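In terms of our numbering, the numbers along the first sequence are unbroken and rise by one, the last being 1061.
Just so it is clear, CB atoms sit at the ideal spot from N, CA and C, and this is done for glycine as well.
As the structure is a computational prediction, the values presented were derived from the model and not from experiment.
Single-structure report; data block below.
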Amino acid sequence: MRWSNLFIPTLRDAPAEAEAVSHQLLVRGGFIRQLQSGHYSMLPLGWKIHKKVSAIIREEMDAIGGQEFLLPAMHPADLWQKSGRWETMGEEMFRFVDRKGADQALGMTHEEVFASLGTEITSYRHLPQIWYQIQTKFRDEPRPKSGLLRVREFAMKDSYSFDIDDEGLNTSFDLHHGAYVQIFSRLGLDAFPVEASSGAMGGSASVEFMVESDAGEDDVARCLSCGYSANVERASTALIPIENRSSGDEPESFPTPDVRTIAALAELGHSPEHQIKTLVYVVDGELTLILLRGDHPFLEQKFIDITGAGDLRPATGEEIRSALGASPGSLGAVGVTNLPIYVDLALQNRSGMATGANTDDVHYSGVDVQRDINVTKWVDVRAILEGEPCTNCGDPITITRCIEAGHIFKLGRRYAEAMGTTVLDSEGKSQTLTMGSYGIGVERAMAAVAETHHDENGLMWPMSITPYEVVITLLKTDHTESVASAEQIYNELSESGIDVLLDDREERPGVKFADSELIGIPLRVTIGPRGLENGIAELNTRSNNQQTEISLDSVVGEVTNLVTEGRSKSS
RNA sequence: CGGGUAGUGGCGCAGAUUGGUAGCGCGCCUCGUUCGGGGCGAGGAGGUCGUGGGUCAAAUCCCGCCUACCCGACCA
491 MRWSNLFIPT LRDAPAEAEA VSHQLLVRGG FIRQLQSGHY SMLPLGWKIH
541 KKVSAIIREE MDAIGGQEFL LPAMHPADLW QKSGRWETMG EEMFRFVDRK
591 GADQALGMTH EEVFASLGTE ITSYRHLPQI WYQIQTKFRD EPRPKSGLLR
641 VREFAMKDSY SFDIDDEGLN TSFDLHHGAY VQIFSRLGLD AFPVEASSGA
691 MGGSASVEFM VESDAGEDDV ARCLSCGYSA NVERASTALI PIENRSSGDE
741 PESFPTPDVR TIAALAELGH SPEHQIKTLV YVVDGELTLI LLRGDHPFLE
791 QKFIDITGAG DLRPATGEEI RSALGASPGS LGAVGVTNLP IYVDLALQNR
841 SGMATGANTD DVHYSGVDVQ RDINVTKWVD VRAILEGEPC TNCGDPITIT
891 RCIEAGHIFK LGRRYAEAMG TTVLDSEGKS QTLTMGSYGI GVERAMAAVA
941 ETHHDENGLM WPMSITPYEV VITLLKTDHT ESVASAEQIY NELSESGIDV
991 LLDDREERPG VKFADSELIG IPLRVTIGPR GLENGIAELN TRSNNQQTEI
1041 SLDSVVGEVT NLVTEGRSKS S
């Protein structure tokens, strides 16, 4: 293509509202424009990348036997009512009523639709199946942010596997794991798998593919020695042993006027690791105590995953007072028998602890958790802290900010059951299928690449997804020889299937150089009178800013080699 | 939803404290000059100052609303 005919609206300044680097550069480079919060238009350059990312995903999905579908984006309410998610998805689902008065939703994901299509799989002989699509998803995010990283409307490759048993599901899951490794590698993304929480989707094994970036929204716990890695939503670490203080025969109360916090109680000689923190939550309508060591933060997601709770919120001051007779700051679980008490594992075998006495301005010391507290269930619900020992090898854990680029998990039979997705097995018995669900966000992947591939001059696309593989920078558009030479190289490269961009604009060289760097084309061939006199062109590599002079007649061959090499290279 | 910030030409911004009919840089158009890293000169086009109300008069002051961004909550 000729730059003079293309719509590439580059900007010298990023819009004030763009904060994330990927957001700034994608807007400045003329790849995207915002229509409203969380909704972006793909301009020609952005759409080219989008298509290349999709193509890579397709190839790798096809390679593991995936079959591509295209499902409706708009769904009838009753489909979602069947799975129960019409209620549980809440405000995140876009809903409206059509002219007939029927409730409708825009699909946030397609478990329901695929599972209902799956009812037409009737025999175990037809298994396994892997079905996928690249479809627009709609989610009414409470806060879209960071450009393409978190939006309300986006393309996602979602695939679903159908198997008759766990063994089959494991195979389908592993196939996807392998495909994802391939996909991210080809995209130039350094993505690594981590154990994840399954969240609202339910299911058992769940692995996220993470790309390290400050622009991300997830924290990942990693052990650099043994390779352990998990989303902090489910990560656990070993405890540094703590020697119990001596306990008497029973807890001893002591006055603590104006002591309302862990820190205040610590000043009275009870350091946080010798305190019990008592949280009061309303869990699915039931008042519940949650106990942690004084210095350990509570992680709601872990609690939800363990208990399967649907609704979780901190109790109000009044609820707490009427149930326990004291206000936050003096709460404790000693002597409480009428409420469920969940206790974090870090409190196992602990004694000599301090905690509130459920009387304002009074605390207990010498509490033995096992002896004095009526534990309903021991649970791991604490947030881990950077530097704590790895459970595997004991080395310190680091916590890294990451972008979630992909998520694969085993759904099990939940959706198949709801939709009646069954087959007959070899003995003629009806069996409910077990499913897996696997997702990659296309625009998020683009943003993640932008986030990790740029310098102060602009983007640096990997050859695999760059909108153009090479740009020919024609320095003087009124210099006949230059034009002829550039045209010839342009034609020859085009004919050999290279994605080539000819910068034939009547602009000053500086503008052309700056623009080509901003939009991140991997290779640049500079044609100008000065070089032509000596029969040479200049070849510039964006990723390392290397510049070499090569003879005019070797340009096509050299560029073709570099492009071919770059396309097949996985990072 | 809670806290914060901001809406003035395509992009970046000034003007507001002291109400009186809008200005700068970049970009855009024309001409000239220049021509290997966003040049220079001259002339031009383009704005209901987010929106509704209050005040003789509002970009400016007051009130309501909308929109966008950031932090938090939330979130396959």
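Using the C-alpha atoms, what's the distance from Met953 back to Asn1035? Between Asn1035 and Met953, the C-alpha separation is close to 15 Å.
Is Gly1047 helix, strand or coil by DSSP? Note: Gly1047 maps to helix in three-state DSSP.
Answer yes or no: do Lys900 and Thr963 have a C-beta to C-beta separation smaller than 8 Å? For Lys900 and Thr963, no; Cβs fall outside 8 Å.
Where Cys716 falls, given that 16 or more other Cβ within 10 Å makes a residue buried: Flag for Cys716 reads exposed.
Can you give the beta carbon distance from Thr845 to Val857, rounded, assuming they're within the 8 Å contact cut? Their Cβ separation, rounded to whole angstroms, is 6 Å, which keeps Thr845 and Val857 in contact under 8 Å.
Pair within 8 Å by beta-carbon distance, Thr614 and Ser916: Sequence check: residue 614 is Tyr here, not Thr. Yes. Within cutoff.
Check whether the stretch 812-829 touches the stretch 784-797, counting contact only when three or more Cβ pairs, one atom from each stretch, lie closer than 8 Å. Result no; under three Cβ-Cβ pairs closer than 8 Å.
By DSSP, does Trp576 sit in helix, in strand, or in coil? Collapsing the DSSP output to three states places Trp576 in a helix.
Residue closest to Thr912, alpha-carbon to alpha-carbon, out of Glu610, Pro562, Asp680: Of the candidates Glu610, Pro562, Asp680, the one whose C-alpha sits nearest the C-alpha of Thr912 is Glu610.
Alpha-carbon to alpha-carbon, Pro886 and Lys647: Those two C-alpha atoms are separated by around 36 Å.
Does Ala976 come out as helix, strand or coil in the three-state DSSP assignment? Ala976: helix per DSSP, three-state reduction.
Residue burial classification, Lys590 (beta-carbon count within 10 angstroms, cutoff 16): Taking a 10 Å sphere around the C-beta of Lys590, we find fewer than 16 other C-beta atoms and assign the residue as exposed.
Taking all protein chains shown into account, do 16 or more other C-beta atoms lie within 10 angstroms of the C-beta of His853, making it buried, or fewer, making it exposed? Buried.
Can you tell me whether DSSP reads Gly1056 as helix, strand or coil? In this structure, Gly1056 counts as helix in the three-state DSSP scheme.
Any contact between the stretch 773-782 and the stretch 798-806? By contact I mean 3 or more CB pairs, one from each, below 8 Å. Contact between the stretch 773-782 and the stretch 798-806 is present: three or more C-beta pairs spanning the two stretches fall below 8 Å.
Length of the line joining the Cα atoms of Pro747 and Ala756: So the alpha carbons of these two residues sit roughly 14 Å apart.
If you draw a straight line from the alpha carbon of Pro534 to that of Phe497, how long is it in whole angstroms? Each residue's alpha carbon lies about 7 Å from the other.
Quick one: measure Cβ to Cβ for Asp870 and Asp834, integer angstroms, because I've assumed they're closer than 8 Å. The Cβ separation is near 7 Å, so the contact holds.
Does the stretch 536-547 touch the stretch 650-668, meaning 3 or more C-beta pairs lie closer than 8 Å? Not touching, per the Cβ criterion.
Would you say the beta carbon of Ser817 comes nearer than 7 Å to a heavy atom of the ligand SAH? Ligands displayed in this structure: none; no statement on the ligand SAH is therefore possible.
Is there contact between the stretch 630-638 and the stretch 662-673, where contact requires at least three CB pairs shorter than 8 Å? In this structure the stretch 630-638 does not lie against the stretch 662-673, because fewer than three pairs of beta carbons, one per stretch, are closer than 8 Å.
Compare the Cα-Cα distances from Val511 to each of Glu723, Ser703, Ser606 and report the closest residue. Closest in C-alpha terms to Val511, from the list Glu723, Ser703, Ser606, comes Ser703.
With C-beta atoms as the reference, is Ile898 less than 8 Å away from Tyr928? Yes, the pair counts as a contact, with Cβ atoms nearer than the cut-off.
Just to confirm, are Gly519 and Gly948 a CB contact at a threshold of 8 Å? Taking 8 Å as the Cβ cut-off, Gly519 and Gly948 qualify as a contacting pair.
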